[in-house]
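See below for the structure under consideration.
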Amino acid sequence: IIVGVPLWWRTTETYRAWLPVSQINELSNLQLQLSAEVEVVFARGTVTPEQQKKVPLTQIQDEEHTVDGDLFINAVCLVVTKIRRLQGNICLKCVFSRGHSFEVQDMDVYVGQRRTALLRIGAQMRVGKTLDQLLAHLEPRIKQVLQVMSFSHTDISAALSDRVRLSPGNKESIADSMRTFKSSPGYEITFSLLNPDPKSHRLHWDIEGAVQTYIQPLLTKLASVANFSIDSQTLYYAMLGVNPRFDSSLSAYTLHSDSLAHVINPVEARLGSNAASSNPVLNFLLYVPDAHHSPLYIHDRKKQEVPSNAFHSPRWGGIMVYNVNGFYGPEAVFPVDVNINMAKVMGVFLAQLRLLLGVQSSTAPSGFLVAPCGSNGLADWELDRLMWSRSVENVATATTTITSLAQLLEQIGNIVINDNIAEQVSSAVTSLQLAVAELETGNLRFALQYSKEAILASERAFFDPSLLHLLYFPDDQKFAIYIPLFLPMCVPILLSLLKIVSDARQKRREKQAKKD
Amino acid sequence: FLGEQCCTMKILTLLSLLATHLSASSVNIEENAGQFFSSGHTNNWAVLVCTSRFWFNYRHVANTLSVYRSVKRLGIPDSHIVLMLADDMACNHRNPKPATVFSHKNMELNVYGDDVEVDYRGYEVTVENFLRVLTGRLPPSTPRSKRLLSDDRSNILIYLTGHGGNGFLKFQDSEEISNVELADAFEQMWQKRRYNELLFIIDTCQGASMYERFYSPNLMALASSQVGEDSLSHQPDLAIGVHLMDRYTFYLLEFLEDIHPSSKANMNDLFKVCPKSQCVSTPGHRTDLFLRDPGSALITDFFGSVRKVEITMETINLTEPIQQVDGSVSDGSSVVPPGVHR
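Sequence order for the protein chains is D and L. Okay, so the first sequence: first residue is 8 according to the numbering used here, each after it adds one. Okay, so the second sequence: first residue is 306 according to the numbering used here, each after it adds one.
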C-alpha cells in the first residue's frame, strides 16, 4: 500500500502546466477606462483678451457608464484649451459667427476629413456673456462632437455585444452591429464579375488597376486594423435565382427588394473561396444582365429606383447590377465588347466595403455636416473610431475566451494542459493588461496592437487541438472498472488484517490475565 | 474667415444633398430594420451526421442524405454544410443500383444525386472529429470545407441519426458519445459564441435522452422517440433488400418538401410532424432553453438560408483615373466596335 498507492496516483495523474488563474479572474471583472484627448481652439474674436487669460487649461470630464451591471466604463475627456497652435488628436475650433461666414442654416458643426471639427457658436453667445456661461454652453456640444468622432455609449455597447446581449434599444445600432463583420486578424475580399450571357456581351474590366487605385489606399490605411487579401474572378453563365418583372412604364426589368434575399444563395454555391485560410470572406459581385433582360433596375420597398442599383447583405458582401444595354444600339453585332466603368463600380463597392467593415457609422445627429471622405475612402477620425471599437471588442473577446478557458480547465480535472498552452495563456494575459493600460492613456495604436496580440494568443490557446475532453467517465462505469480488479485482492488483505487485530487483542488479554 | 464665399455654394449643394439623403436613409433603415428583428442571425450552417456504417444501416445514410438535399434546396450552400457519412452505400457491392441511394420505395428519389459533397467519410466519422468540428479545435491543416466557421450570428442545424440508447449514441460500432459530452460541447460553443441559435434533431432509438442534459441557452431539440421507446424504420424495398428510411425522417421530409425559401411556417408545425399514429414512437421536443417563442421561429431560420438584404443608398464619388498596374493611365467606359479587339 505504501509503495503502490503513490505510484498509482502519480501514473494516473495528468500533466497540467500552471496557469495564472488569479490574474485571469481579475481580468474578468472588466473595468475599462477610455480617454480621448481633445483640444479646443478658440478662433480670434470668440473670447475677449481678459477671458483668454482665465480659460482653464485642463478640464477632465468623467462619465461612468454601466453596461449590464457588472461592467464599468469611464470615458474621460481631457479638454485642453489653447489659443495657439494645433496639436493633439482632435481639434475643435469654436467659431464665432460673423456676418458672412457660415451662412448655411441648421448647420452648427462641420466635421473635416482629418481630425478637425469646426464648431459654430450661436449668435446669442456674443460678447457680453461671461466665460462660465460660454464654457457651460460649449461642454455638451463638445461632448456631442466627441461622440460622433470617437466613441459613444452605443458604440461601446455594440463592441461589447460578445459579453452582453445587446438589449433592443436602438434599431439602427442593432442593424449596425449585425451588419459589421466581427473583429478578425484578416479578411478576404473577392470581386466577382458575373456574366450570364457571354454570347451577347464580352465584358472587360480592369480589376487590377481599379483595385490598385481605389481599394488599396483604403486597405493600406486600415493595415493596422487587419490584413486584407484580395482576389477576383469572372463567372460565366451565372444566373440570378429570381425572375425579374418587366415594367412597361419604364420599359425595363425590375427586381423588387423582397426578392433580393433569394438572389444570393444560388450564386453563392458557385463562388469559390480560399481553402487555406479561415478568415471571413467579403464577396462583391458585379452582375451584368443578359441582353434579353436589360436594363435591370432594383426597386426599393416604395417601388422607387435605387440610384446605386446595388444592395448588400450583412456580414456577406454586396451585389451591384450594371446595365450595358445603353452602350450599343439594336443593330450591333453580337458579341459586343464592353469596357466597364470601374470608377462607378468601385464607388459603390467602396461604400459597401465601408459599411461592412464598420467604418460607416449611423447617420450623424442633426446640425452636423460631415465632409465626404477623401480619396482614401476613409477619414482619419473614422479610422480612430474604428480603432476604438475594435480595441474594445478585441479586449472583451479575449477576456471572455481566457476566462472561459480557465473555467473549463478547472472544471474538467483530467484534461492535459501542455506547456505551449500555458505560454499562450500567459502571453494573452500580459497583452490584455497592456492593452487596458494603453486604452486608459488613450494611445490608440498601441492599444489596438496589444489587443490584437491578446486575441491571437487567446484564440490559439482556446482552439488548441490537444484540449479535447473525451474522458467522461460516469461514476457507475468507474466502479465497474475498479471493483473487479480490487475486490478479489482486497478480500484476503482485509481478512488477514482482521486476523491480526483479533490476535493482538487476544495477546493483550492474555498479558493482562498474566499480570493479574 | 478664410474664403467662405466661394465655399457657400458648394456647402449649400452638399447640405441639400445631405438633407435629402438623411431623410431617405432614415426611412429605409426603419423599414429594413424590421426584418432584422425576427431573428438575430445572418448566416446558416448545418452539421449532418450519420453515425452508422454497413449495408444493413442503409436507412441512416438515406436519412442524412435526404435532410442534406432539403437543406441545400432551401438555400444553404455546400460551404456551410458539414456532412459526415460513412458513405459506403452507393458503391457497396450489395447495391443493385450502384451510385444511387434511394429514399423512397419504387426508387423514386435518388438522394445521392450528382453534387453530394461529403466532408468526413468512412473512418473519419468519429466522436473525436465530431466534437472537434463542433468546438472548433481542429488541427491547423484542416481545410475550410471541414470546419464549422460559424460566428455569433449563425443559426446551426445539427442532425444526428444512427443507433442509440439511453444517454448515448453509437458511432460506427466502435465508440459512443454520451449526452453529457454533447451538452458540454454545446456549452463550449456557447462560451465562444459560435452560434446564435441551434436546432438539434436526432433520429435514433431513445433519442430524447440525448437532449436531457443540455444547459446552454438558445437550444431547441427534437427527437424521434422518448426514453424507453425504439424508433422504427419505414418501409423495406424488396429490390434493394433493406429498409430505406426511418419513419420520423420520412415524415419530416414530407413536411419539408412543402417548404420553400419564402415560406412562413414555424417551429410549432415542425413539432406536429409524425404523430404517434404514424411514427409508432412518440416524438419529443425541448424548447425551455430557447429564448424566443417557438411560434416565432421560422422553419427557414434553420433549414434554409434566407439572407437579410439592405439597399445600398450611398456611393462614393471617385474621380481619379485608373492607374494601370504597370503605371500608365487609362480612362473609363467605352464600347469597342466589333472587329477591333484590345
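C-beta atoms are modelled at their ideal positions from N, C-alpha and C, and glycine is treated no differently. All of these numbers come straight from a predicted model, not from anything done at the bench.
| task | Determine the direct distance from the alpha carbon of SER284(D) to that of SER446(L), and round the result to whole angstroms. | result | Cα to Cα, the separation comes out at about 10 Å.
| query | Closest by CA to ARG452(L), which one among LEU436(L), THR466(L), GLY467(L)? | reply | Of the candidates LEU436(L), THR466(L), GLY467(L), LEU436(L) places its Cα closest to the Cα of ARG452(L).
| request: Figure out for me which residue from VAL376(L), GLU429(L), ILE463(L), VAL578(L) has the closest Cα to the Cα of GLU480(L). | output: In terms of CA proximity to GLU480(L), GLU429(L) leads the group VAL376(L), GLU429(L), ILE463(L), VAL578(L).
| message | With the cut-off set at 8 Å, would you say THR356(L) and LYS475(L) are in Cβ contact? | response | Yes, these two residues count as a Cβ contact at 8 Å.
| Between which two residues does the beta strand (DSSP E) containing THR241(D) stretch? | Its beta strand (DSSP E) spans residues 234–243.
| field | Against chain L: residues of the segment 258–273 of chain D by CB proximity under 7 Å | value | Using a CB distance below 7 Å, the part of the segment 258–273 of chain D facing chain L consists of SER264, LEU267, ALA268, HIS269, ILE271, ASN272, ordered along the chain.
| query | Smallest Cα separation from PHE608(L): which of GLU534(L), PRO403(L), ASP563(L)? | reply | Residue ASP563(L) is the option with its Cα nearest to PHE608(L).
| field | Endpoints, the alpha helix (DSSP H) within which ILE31(D) is located | value | Per DSSP, ILE31(D) belongs to the alpha helix (DSSP H) from 28–35.
| What residue ranges within the segment 179–206 of chain D form continuous beta strand (DSSP E) runs of no fewer than 3 residues, ordered along the chain? | Here the runs fully enclosed are 193–202.
| message | Taking CB distances under 8 Å as the criterion, tell me whether VAL614(L) reaches chain D. | response | It does: the Cβ of VAL614(L) has a partner Cβ on chain D nearer than 8 Å.
| said: Using 8 Å for Cβ pairs, my map puts THR466(L) next to THR587(L). What's the rounded Cβ distance? | reply: Taking C-beta atoms under 8 Å as the contact rule, THR466(L) and THR587(L) fail to qualify, at a distance of about 18 Å.
| SER375(L) at chain D interface by Cβ criterion, 8 Å | Residue contact check for SER375(L) against chain D: no CB pair falls below 8 Å.
| request: Using only alpha-carbon positions, find the residue among PHE453(D), VAL328(D), ASP387(D), THR407(D) that is nearest to ASN36(D). | output: Of the candidates PHE453(D), VAL328(D), ASP387(D), THR407(D), the one whose C-alpha sits nearest the C-alpha of ASN36(D) is THR407(D).
| What do you reckon, are the CB atoms on GLY472(L) and SER514(L) nearer than 8 Å? | A Cβ-Cβ contact shorter than 8 Å links GLY472(L) with SER514(L).
| message | In this structure, how does DSSP classify GLY248(D) when only helix, strand and coil are distinguished? | response | Here GLY248(D) sits in coil by DSSP.
| request: Assign GLY449(D) to one of three DSSP states: helix, strand, or coil. | output: The three-state secondary structure of GLY449(D), taken from DSSP, is coil.
| query | Hey, ILE214(D) and SER239(D) are a contact pair by Cβ (cut 8 Å); roughly how many whole angstroms apart? | reply | Confirmed, about 5 Å.
| field | Inter-stretch contact (C-beta, 8 Å, three-pair minimum) for the segment 537–546 of chain L and the segment 563–577 of chain L | value | With the cut-off at 8 Å, the segment 537–546 of chain L and the segment 563–577 of chain L do not touch.
| task | Please say whether VAL432(D) and TYR22(D) have beta carbons closer to each other than 8 Å? | result | Judged by beta-carbon spacing, VAL432(D) lies beyond the 8 Å limit of TYR22(D), meaning their Cβ atoms are not closer than that value.
| request: Measuring only between beta-carbons, confirm whether LYS310(D) sits less than 8 Å from chain L. | output: Not flagged as an interface residue toward chain L: LYS310(D), since no C-beta distance is shorter than 8 Å.
| Cβ-based contacts, 7 Å cut-off: residues of the segment 349–360 of chain D near chain L | MET349, ALA350, MET353, GLY354, VAL355, LEU357, ALA358, GLN359: these are the residues of the segment 349–360 of chain D whose beta carbon lies less than 7 Å from some beta carbon of chain L, given in chain order.
| message | Checking 8 Å against the spacing of the C-beta atoms, do PHE469(D) and GLN359(D) come in under that value? | response | PHE469(D) places its beta carbon 8 Å or farther from that of GLN359(D).
| task | Check PHE291(D) in the structure and name its three-state DSSP category. | result | Here PHE291(D) sits in strand by DSSP.
| For HIS346(L), the nearest candidate out of LEU34(D), LEU412(D), THR261(D), THR187(D) (CA to CA) | If we check each option's Cα against that of HIS346(L), THR187(D) comes out closest.
| request: Would you kindly check if the distance between the Cβ of SER459(L) and the Cβ of ASN571(L) is under 8 Å? | output: No; because the gap between Cβ atoms is not below 8 Å, this pair is not in contact.
| said: Which residues of the segment 216–233 of chain D have a Cβ closer than 8 Å to any Cβ of chain C? Give them in chain order. | reply: Within the model displayed, chain C is absent; protein chains D and L are what it includes.
| message | I'd like to know if ALA317(D) contacts chain L, where contact means its C-beta is closer than 8 Å to some C-beta of that chain. | response | Closer than 8 Å to some Cβ of chain L, the Cβ of ALA317(D) qualifies, so yes.
| task | Have a look at THR18(D) and GLN418(D) and give me their C-alpha separation to the nearest angstrom. | result | Going from the Cα of THR18(D) to the Cα of GLN418(D) covers about 21 Å.
| Is DSSP giving THR261(D) helix, strand or coil here? | Here THR261(D) sits in strand by DSSP.
| request: Along the alpha helix (DSSP H) that carries GLY354(D), what are the first and last residues, could you check? | output: Taken as a continuous stretch (DSSP letters only), the alpha helix (DSSP H) holding GLY354(D) covers 349–364.
| query | Roughly how many angstroms lie between the CA atoms of PHE359(L) and PHE253(D), to the nearest whole one? | reply | Distance between the alpha carbons of PHE359(L) and PHE253(D): 54 Å.
| request: Count the other CB atoms, across all protein chains shown, that sit within 10 Å of the CB of GLU275(D); report buried if there are 16 or more and exposed otherwise. | output: Classification of GLU275(D): buried, given that the 10 Å Cβ count is 16 or more.
| query | What first and last residue would you give for the beta strand (DSSP E) that runs through TYR304(D)? | reply | According to the DSSP assignment, TYR304(D) belongs to the beta strand (DSSP E) that extends over 303–306.
| message | If distances are taken between C-alpha atoms only, which option among GLN311(D), HIS208(D), LEU39(D), ASN346(D) comes closest to SER458(D)? | response | Residue LEU39(D) is the option with its Cα nearest to SER458(D).
| request: Pick out the complete beta strand (DSSP E) segments inside the segment 483–554 of chain L, 3 residues or longer, and give them in chain order. | output: The segment 483–554 of chain L contains these whole beta strand (DSSP E) runs: 502–508, 524–528.
| In this structure, what does DSSP give as the bridge partners for ALA317(D)? | Beta-bridge pairing links ALA317(D) to MET327(D).
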